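Notes follow once the structure below has been shown.
In my numbering, the protein residues as written are 3 to 440.
Structural data, given as structure tokens:
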């Protein structure tokens with residue numbers, strides 16, 4: 003874990019808003035700093051995220067940036083689900099040590115990230131399908147609630163899933179909806195248009211979708227792609243995209259050979275076509291809602307999975323070197339039609355001119371008020387599946403044991419390479435990291 007900044011807002015030892023005693027810095031990223039604090043009256047720990055405006059952001063965009071932070075806080079606060087970290091409070095204005103910045107108070111979670119658990123299991127042979135689905139089902143259900151409310155996460159990855167522990171059980175919770183976006187009523191993947199309103203787009207390249215790299219419209223279908231990547235990683239204990247640098251990762255994300263379990267030699271039977279659909283290059287060919295993907299998986303849970311012994315070499319067990327969300331100098335992004343070029347051409351263009359596109363800020367007007375669209379789950383195409391024996395209720399005991407192993411020692415961390423960014427403006431952009439609460 004990289005060294006943290008030395009309290010950039012000078013909040014340590016102060017009392018924020020007359021009720022939060024700030025004790026320590028937890029994480030810092032391009033969008034904010036997260037502190038651990040204690041509620042003065044309730045004597046309960048909380049996490050406080052203070053917005054940090056990127057220095058590279060033009061002054062004309064700062065108000066829109068802050069307005070979006072407030073808008074996002076209100077949007078996520080209405081998401082009521084045990085699998086989503088709760089927003090407890092919000093504030094702004096002057097800070098105790100001077101200066102001003104908006105902040106969000108979040109529930110404090112004791113546990114480890116899914117990222118840490120996957121690191122601890124490096125070079126293992128994965129988990130059975132039923133166990134993998136049992137672990138991730140709360141994440142699927144939480145995202146389904148968000149999609150029902152017109153919200154897409156857009157940066158789903160193991161580091162943004164906390165495995166909260168309570169006695170002998172674990173409860174996955176989604177973190178960091180800070181770059182989520184509430185969808186407009188007319189936002190559909192079929193429109194083929196690039197968003198033109200004020201919006202922040204950020205993602206982690208190792209878990210990116212093709213549309214995020216291309217800068218085209220993202221939404222629930224983007225989360226579906228990320229959910230499938232997560233499931234593949236939990237099934238195989240291998241990173242779906244494992245390029246050695248940003249260019250290699252980008253080419254991997256856009257490859258026509260999608261990272262289904264079969265790519266790693268794992269036979270998951272009827273799940274293979276389901277995951278292939280969820281990982282389709284074209285967003286229109288995927289499931290359009292987290293609930294649709296979950297239903298397709300639940301309808302065809304394999305009784306077991308088998309490995310091809312020739313494809314379990316440790317080299318495939320390595321995790322990607324870059325897993326941080328990186329932000330880029332905002333640029334004006336005009337509305338364009340979706341390209342009709344083949345993925346092969348896209349790979350060549352990206353490899354030549356684009357290592358990583360991370361943040362788009364388009365326009366300067368604040369986000370509009372959103373009325374959540376109604377959702378009717380899309381019909382799932384039937385997947386031919388052999389008859390399987392009833393699957394016994396999965397147990398999370400192996401995962402609890404892994405968490406105990408994580409506590410016993412610090413798992414090795416992945417090396418982090420400095421990202422290379424496309425020269426989209428005359429001045430070279432400054433790069434900022436956006437880290438989750440860990």
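Each residue gets a CB set at the ideal place from its N, CA and C atoms; glycine is no exception.
Please read all numbers here as calculations on a predicted model, not as lab measurements.
Nearest neighbour of residue i, chosen from the options [CA to CA]
i           : options            : result
residue 298 : 222, 276, 253, 262 : 276
residue 231 : 83, 97, 249, 211   : 211
residue 258 : 270, 267, 284      : 284
residue 234 : 287, 41, 84, 133   : 133
residue 68  : 60, 169, 53        : 53
residue 13  : 85, 37, 207        : 37
residue 126 : 279, 249, 266, 240 : 240
residue 246 : 141, 166, 207      : 207
residue 58  : 264, 260, 33       : 33
residue 96  : 250, 70, 43, 18    : 18
residue 83  : 159, 20, 149       : 149
residue 220 : 157, 55, 11        : 157
residue 295 : 229, 244, 237      : 229
residue 173 : 179, 141, 216      : 141
residue 248 : 225, 218, 205, 264 : 205
residue 114 : 10, 163, 238       : 163
residue 72  : 209, 63, 94, 62    : 94
residue 236 : 216, 29, 43, 136   : 136
residue 178 : 63, 24, 29         : 29
residue 27  : 216, 225, 9        : 9
Beta-ladder partner(s) of residue i, from DSSP
i           : result
residue 140 : Residue 140 is not bridged to any residue.
residue 92  : 106
residue 36  : 29, 51
residue 168 : 171
residue 176 : 86, 163
residue 128 : Beta-bridge pairing links residue 128 to no other residue.
residue 41  : 22
residue 113 : 166
residue 17  : 23
Assigned exposure category for residue i - 16 Cβ within 10 Å defines buried
i           : result
residue 242 : buried
residue 330 : With a pLDDT of only 34 at residue 330, under 50, the local geometry of the prediction cannot be trusted, and the value read off the model is given with reservation. The residue in question, residue 330, is buried, as its Cβ has 16 or more Cβ neighbours within 10 Å.
residue 214 : buried
residue 22  : buried
residue 15  : exposed
residue 339 : Any answer about residue 339 is weak, because its pLDDT of 36 lies below 50 and its placement is not dependable; what the coordinates show is given next. Looking at its Cβ environment, which holds fewer than 16 other Cβ atoms inside 10 Å, residue 339 is exposed.
residue 65  : exposed
residue 286 : exposed
residue 138 : buried
residue 176 : buried
residue 60  : exposed
residue 168 : exposed
residue 171 : exposed
residue 85  : buried
residue 129 : buried
residue 31  : buried
residue 20  : exposed
residue 39  : buried
residue 74  : buried
residue 260 : buried
residue 301 : exposed
residue 191 : Because the pLDDT at residue 191 is just 38, under 50, the model does not fix this residue reliably, and the value given afterwards should be weighed accordingly. Buried is the call here.
residue 262 : buried
residue 238 : buried
residue 43  : exposed
residue 218 : buried
residue 386 : With a pLDDT of only 46 at residue 386, under the threshold of 50, the placement of this residue in the model should not be trusted, and no figure is reported.
Distance between beta carbons of residue j and residue i, contact taken as under 8 Å
i           : j           : result
residue 227 : residue 278 : Incorrect: roughly 12 Å between the Cβ atoms, too far for contact.
residue 267 : residue 304 : At roughly 15 Å, the Cβ-Cβ gap does not stay under 8 Å, so residue 267 and residue 304 are not in contact.
residue 161 : residue 117 : 4 Å
residue 131 : residue 273 : 6 Å
residue 209 : residue 159 : 4 Å
Exercise. Any chance the stretch 248 to 259 sits against the stretch 102 to 117, with 3 or more Cβ pairs inside 8 Å?
Worked result: In this structure the stretch 248 to 259 does not lie against the stretch 102 to 117, because fewer than three pairs of beta carbons, one per stretch, are closer than 8 Å.
For this session: Kindly confirm or deny that the stretch 70 to 81 and the stretch 147 to 161 touch, where touching means at least three C-beta pairs closer than 8 Å.
Result: In short, these stretches touch, since the Cβ pair count reaches three.
Exercise. Is the stretch 129 to 148 touching the stretch 282 to 295 in the sense that three or more CB pairs, one from each, lie closer than 8 Å?
Worked result: Enough Cβ pairs lie closer than 8 Å, so yes.
Problem set entry | Touch test, the stretch 89 to 106 against the stretch 48 to 63, Cβ-Cβ under 8 Å, three pairs minimum | By the Cβ rule, the stretch 89 to 106 counts as touching the stretch 48 to 63, because three or more pairs are nearer than 8 Å.
Problem set entry | Segment contact flag, the stretch 96 to 103 with the stretch 113 to 123, C-beta cutoff 8 Å, min 3 pairs | Segments in contact, no.
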